[in-house]
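In our numbering, the protein residues as written are 85 to 306.
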Ligand SMILES: Nc1ncnc2c1ncn2[C@@H]1O[C@H](COP(=O)(O)OP(=O)(O)O)[C@@H](O)[C@H]1O
Ligand SMILES: [Mg+2]
């Protein structure tokens, strides 16, 4: 499904150049459940943003569904970002004034989906993550674990082929984190969803099929 090879990325901060990725390789097959681990600041989010088409590498090649991303036009990049990829973050990023249902419907606004259909589809996703009974609650009326479930429903609503989760359990207590991990495993096993999860938690990584470690600008199979 995706193939990164020799990916480099540096940041210029004032007079200093930070070489964060120095030639990282990664391949992810359809149906993989992959954990990315590594120290804070090692470049995990940097490579995730490249995988998610939110950022571009300085050099190296990235093929998504057999096609080099350098060949994508800007509108094709945003289409791929919106249609192929579902994002889940540590801090949920739900809109506070909107209900769980409205939050999940949001990605469908940018498509030509009739409102009634969007609503039905969003409801189905809330059901899938065990949150149908909270559809009309606002985020501040939900626990952290429940908010993350809603965020996962939002990531799934557009029927992506890839879920990218950047420390999805980082803000949750371990018991709730385990629940969220069960949900990812379920999506992977039952629906064959391809999932990449950044985590600091070895007990989360242990439950993934593969773990790669980011260190010194490279990714290594654990
Ligand atoms: N936009 C940016 N400008 C400058 N430095 C950045 C930027 N984004 C990330 N960095 C630096 O790159 C390093 C890697 O960041 P990141 O990929 O977020 O690490 P991780 O997710 O592994 O904790 C960090 O040292 C961070 O400060
Ligand atoms: Mg990070």
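All residues carry an ideal CB built from backbone N, CA and C; glycine is no exception.
A quick note: this is a predicted structure, and the numbers were derived from the prediction, not measured.
Chain-order list of residues whose beta-carbon lies under 7 Å from that of residue i (same chain, five-residue window excluded)
i	result
residue 202	189 and 192
residue 171	136, 239 and 248
Coil, strand or helix - residue i by DSSP
i	result
residue 222	coil
residue 101	strand
residue 87	strand
residue 96	strand
residue 234	helix
residue 195	coil
residue 229	helix
residue 211	helix
residue 129	helix
residue 119	strand
residue 203	helix
residue 108	strand
residue 299	strand
Whether residue i touches residue j by CB criterion (7 Å)
i	j	result
residue 235	residue 176	yes
residue 93	residue 110	no
residue 95	residue 102	yes
residue 241	residue 209	yes
residue 132	residue 250	yes
residue 112	residue 138	no
residue 127	residue 277	no
residue 163	residue 185	no
residue 91	residue 125	no
residue 290	residue 296	no
residue 254	residue 157	no
Cut-off 8 Å between Cβ atoms - residues of its own chain near residue i, not counting five sequence neighbours on either side
i	result
residue 256	228, 229, 232 and 264
residue 168	148, 149, 244, 245 and 246
residue 159	none
Residues near residue i in its chain [Cβ-Cβ closer than 6 Å; skip 5 each side]
i	result
residue 117	272, 279, 292 and 293
residue 146	88 and 153
Any chain B beta carbon closer than 7 Å to residue i
i	result
residue 153	Any reference to chain B falls outside this structure, which holds one protein chain only.
Cβ contact check for the segment 152-159 and the segment 175-185: 3 or more pairs under 8 Å | Contact between the segment 152-159 and the segment 175-185 is absent, because fewer than three Cβ pairs lie under 8 Å.
Note down, one range per segment and in chain order, each beta strand (DSSP E) of at least 3 residues found wholly within the segment 247-288.
-> Listed in chain order, they are 278-282.
Okay, do the segment 110-121 and the segment 273-284 touch, 3+ Cβ pairs below 8 Å being the bar?
-> Flag = yes, the segment 110-121 and the segment 273-284 touch.
Taking only runs that begin and end inside the segment 132-187, name each unbroken alpha helix (DSSP H) of 4 or more residues, in chain order.
-> Inside the segment 132-187, DSSP marks whole alpha helix (DSSP H) runs of 4 or more residues at positions 158-168, from first to last along the chain.
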